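Asker: Order-wise, the sequence lines are chains R and G.
For the first sequence, my numbering gives the first residue as 7, with consecutive numbering after it.
For the second sequence, my numbering gives the first residue as 7, with consecutive numbering after it.
Number of protein chains: 2
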Amino acid sequence: MAQSQLRPPTMADVARLAGVSHQTVSRVLGDHPNVRDETRAKVLHAIEEMGYRRNSSARALVTRRTRTLGVVASDATLYGPASTLFALEEAARAEGYLVSTVSLRKLTVEKLAEALDHLSEGGVEGVVAIAPQRSAVEALAGLRHPFPVVTVGSGPGVGIPSVNVDQHLGARLATRHLLAAGHRTVWHLAGPEDWQEAADRAAGWRTTLEAAGVEPPLILRGDWSPLSGYRAGQELAGWLGRGLTAVFVANDQMALGVLRALREAGVRTPQDVAVAGFDDIPESEFFAPPLTTVRQDFAAVGKRSIALLLDLIEGREPSGVPRIAIEPQLVVRASTFPYTSDQGAPPV
Amino acid sequence: MAQSQLRPPTMADVARLAGVSHQTVSRVLGDHPNVRDETRAKVLHAIEEMGYRRNSSARALVTRRTRTLGVVASDATLYGPASTLFALEEAARAEGYLVSTVSLRKLTVEKLAEALDHLSEGGVEGVVAIAPQRSAVEALAGLRHPFPVVTVGSGPGVGIPSVNVDQHLGARLATRHLLAAGHRTVWHLAGPEDWQEAADRAAGWRTTLEAAGVEPPLILRGDWSPLSGYRAGQELAGWLGRGLTAVFVANDQMALGVLRALREAGVRTPQDVAVAGFDDIPESEFFAPPLTTVRQDFAAVGKRSIALLLDLIEGREPSGVPRIAIEPQLVVRASTFPYTSDQGAPPV
DNA sequence: GCGTGAATTGTTAGCGCTCACAATGACCTC
DNA sequence: GAGGTCATTGTGAGCGCTAACAATTCACGC
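1) Excluding the five sequence neighbours on either side, which residues of its own chain have a C-beta within less than 8 Å of the C-beta of L125(R), listed in chain order?
2) Roughly how many whole angstroms lie between the Cα atoms of V273(R) and P295(R)?
3) Comparing alpha-carbon positions, which option in G239(G), F292(G), P334(G) lies nearest R269(G)?
4) Could you pull out every residue in the same chain whose Cβ sits closer than 6 Å to the Cβ of V171(R), ignoring the five residues on either side in sequence?
5) At a CB-CB cut-off below 8 Å, which residues of chain R make contact with Y85(G)?
6) Tell me, to the nearest whole angstrom, how far the beta carbon of M260(R) is from that of S234(R); I am working on the premise that it is less than 8 Å.
7) Give the straight-line distance between the Cα atoms of S32(G) and L297(G), rounded to the nearest whole angstrom.
8) Hey, would you say S80(R) sits closer than 8 Å to L113(R), going by beta carbons?
9) Do G5(G) and L185(G) have their C-beta atoms closer together than 8 Å?
10) Would you be able to state if there are at least three C-beta pairs under 8 Å between the stretch 217 to 234 of chain G and the stretch 129 to 149 of chain G?
11) Under three-state DSSP, which class holds S80(R)?
12) Kindly indicate if chain R contains any beta-carbon less than 8 Å away from that of L262(G).
13) Considering A137(G), what are the terminal residues of the beta strand (DSSP E) in which it resides?
14) Using a Cβ cut-off of 7 Å, which residues of the stretch 285 to 299 of chain G contact any Cβ in chain R, in chain order?
15) I'd like to know if A340(R) contacts chain G, where contact means its C-beta is closer than 8 Å to some C-beta of that chain.
16) At the level of alpha carbons, what is the spacing between R207(G) and A52(G)?
17) Thinking just about the alpha-carbon of each residue, which of A97(R), L94(R), L110(R) is nearest to the one in E96(G)?
18) Can you pull the chain R residues whose beta carbon is under 7 Å from the beta carbon of Y58(G), in chain order?
19) Would DSSP call D285(R) helix, strand or coil?
20) Within 8 Å (strictly less), CB to CB, does S311(R) reach chain G?
21) Hey, would you say A243(G) sits closer than 8 Å to A205(G), going by beta carbons?
22) Please name the residues in the stretch 238 to 262 of chain R whose beta-carbon is closer than 8 Å to at least one beta-carbon of chain G, in chain order.
23) Which residues of chain G have a Cβ atom closer than 7 Å to the Cβ of P276(R), listed in chain order?
24) Which chain G residues sit within Cβ distance under 8 Å of L67(R)?
25) Helix, strand or coil for V264(R), going by three-state DSSP, please let me know.
26) State the DSSP-derived secondary structure class of A331(G), mapped to helix, strand or coil.
27) State buried or exposed for A100(G), treating a residue as buried only when at least 16 other CB atoms are found within 10 Å of its CB.
28) Using a Cβ cut-off of 8 Å, pull out every chain G residue sitting near E323(R), in sequence order please.
29) Using CA coordinates, which residue listed in I330(G), T299(G), T214(G) is at the minimum distance from R310(G)?
30) Report yes or no: is there a C-beta of chain G within less than 8 Å of the C-beta of L104(R)?
31) Residues in the same chain with beta-carbon distance under 6 Å from I287(G), minus the five sequence neighbours each way, listed in chain order, please.
32) Among T213(R), V158(R), P152(R), which one has its Cα closest to the Cα of P87(R)?
33) Which runs of the beta strand (DSSP E) at least 3 residues long sit entirely within the stretch 64 to 128 of chain G? Give them in chain order.
34) Taking L195(R) as part of the alpha helix (DSSP H), name the residues at either end of that continuous run.
35) State buried or exposed for E216(G), treating a residue as buried only when at least 16 other CB atoms are found within 10 Å of its CB.
36) For my contact list, P195(G) and V253(G) are in at a C-beta cut-off of 8 Å; report their separation, rounded to the angstrom.
If you want it as structure tokens, here you go:
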């Protein structure tokens, strides 16, 4: 148990105590087959006794593997990015990798370059970039880096391997659901133009309407925040009686703002106007009324991203530029269901 | 620009190209003073030319500094932990450190030990543990680790250096605010018993009531989730007409559930019952009605935690076990303000 | 011209580990 | 019992870098 506080013990120290060579210690630690059980026991005992831990730097130096991955994220306190971050770390850890994160406030070209630089200095073997803005992905494509990079949420359109939830499909599910409930048309409050996910959701909405032979109404735009949703909701309230009975909002936070604006304008949800969101944040179920929304499987995104990145690192390079799409899922709640009012029991 | 793809260039390669010794290259990179400008320029040019980057493992091996910090978090998708995580990373990066995170689902002793082990394998120089459960902190205190550890959110009661928002103060602010608004007493929906922050908030509430000469009413308990808040809200609705006019809820998510339950029971907020929360999540401002709550300065928590951890790492050990408290701030909104109804304009 | 000290650069020795290969010994075969 | 095989262990080199020290150069004053 005791050990010098000055310098952590080295493999040679352990070897000396166990009466073997340092190489044998290395073999025990590396689960090498050809070690006698008795020897292994001696070594393990010595390791325990000294509280020995392998020096990761020395190991990384000779193996050329740091077993560290990097993640670049922005808006990391939002539910989506935070969930993705969590899933990525969990998946990486399961593969024995450490994850170093850089969280950016804004995803500019400079900041992105700095982030990759910082991670590179730290010796990461590869990076997952949560880069939902198109400009960020374009910047990324132009940057030089000595390791593979996988993007999440950037859509399949760029020359970088990517993993995405199928936003287009999610939007179709939500829009179709509203049409099926009897609405003649569906309005849309979209996210920022620069966001690929916003564009994909808008496209899915438009496609569905057009397939149903409906001319898409005016599109509104927000910045994902509840406040921007509130403002758009006020504008939407002005369209009442002119064909507005349903709105598909590009995320749950904005939907929250829309709900509030409608409520304040005396509009009932879902009786007067049905509202659907996107993301299924934990609060959505308790909005007034509970929000119909689209759930994304972030755990799957994390797992697939890490698997893909490790493939690239190991040189198991798939042919072409890999693009992985993950299916989202519609969650129907009271905000779009005209026959159940807000007064009903919540799901458990 | 060109370089061999097989092996990244080493310092020796750069030195050869620049016509100097590798040590001179090291000096240039290390901003050593005694290098002739002309030499420095030659070296920098060669570095640029070869796209050279220092090998962090080799550097760490000889300097015994990995310049990496670890963070252990749980419930990392919740607003509080996610914000703390973000602030920690930002503060660490400003000091030139990389941050490796381990996100746990549940903070059990085993998982915590595994997490520290994993970070230790990765060679971190110190760890910040976001450990709000008492059991976790106790476990932490009992674990052996070869680096300093600082906790966040564990309260000042344990033998580990810690940084905390002053939860007791936050609770006092909220409770006092409700009493000042004319309520005879204030009920409390607390968080899980094992959470130090929950205990501190409850204690602050109790202290304030007692100081005002009021017997604290029955205390309710939830698990931070909106659902648990909803259930508590249903129970609270049963106490109407028996002195219930104000509730202080230990976090905003539960407050959301309480609001819904009250609404469904035909209780108006704030006219019939005033509700205050804790956290100031971004959605709170758009709840029905907008929620009075307590805001915590997570950026400050992050900065102070990193500063403290670096002090410990550098051996600038402060006397005793350091405990840092950060002041929270009351944010008053419509949910506790009887003279402005939900119909009013929202803050911008 | 030459000594002197400061500025600049080079040389050498590890940091702690893994890899390649060498050495040892036990066991078997003919 | 010589020779071969296999399992087990040891030896030496070197990963790429920094620190300590040695060597060289330069400027300057006498």
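Note that CB positions come from ideal geometry on N, CA and C, so glycine has one too.
Everything numeric in this text was worked out from a predicted model, so none of it was measured.
Answerer: By the coordinates alone:
1) G76, V78, S106, V108, V133
2) 12 Å
3) G239(G)
4) Q302, I332, P334
5) T83
6) 6 Å between Cβ atoms; contact.
7) Their backbone Cα atoms lie some 57 Å apart in a straight line.
8) yes
9) Given a span of 7 to 354 for chain G in the structure shown, any question on residue 5(G) remains unanswerable.
10) With a cut-off of 8 Å on Cβ pairs, the stretch 129 to 149 of chain G is not in contact with the stretch 217 to 234 of chain G, counting fewer than three such pairs.
11) strand
12) Look at L262(G): its C-beta is under 8 Å from a C-beta on chain R.
13) Per DSSP, A137(G) belongs to no beta strand (DSSP E) and is neither H nor E.
14) P288, E289, E291, F292, A294
15) no
16) 60 Å
17) Nearest of A97(R), L94(R), L110(R) to E96(G), Cα basis: L110(R).
18) Under the 7 Å cutoff, chain R gives no residues; its nearest Cβ is about 10 Å from Y58(G).
19) strand
20) no
21) Not a contact, by the Cβ cut-off of 8 Å.
22) Q259, L262
23) Result: empty, since nearest Cβ-Cβ is about 15 Å, beyond 7 Å.
24) N61, S63, A64, L67
25) Reduced to three states, the DSSP call for V264(R) is helix.
26) strand
27) exposed
28) Within chain G, no residue comes near E323(R); the closest Cβ sits about 13 Å away, beyond 8 Å.
29) I330(G)
30) yes
31) Y85, D258
32) V158(R)
33) If we require 3 residues or more, the beta strand (DSSP E) runs fully inside the stretch 64 to 128 of chain G come out as 74 to 80, 104 to 110.
34) Run containing L195(R): none in the alpha helix (DSSP H); it sits in the beta strand (DSSP E), 193 to 196.
35) In summary, E216(G) is exposed, with fewer than 16 beta-carbon neighbours lying within 10 Å of its beta-carbon over all protein chains present.
36) This sequence places Leu at residue 195(G); Pro is not what is there. Sure, about 6 Å apart at Cβ, within 8 Å.
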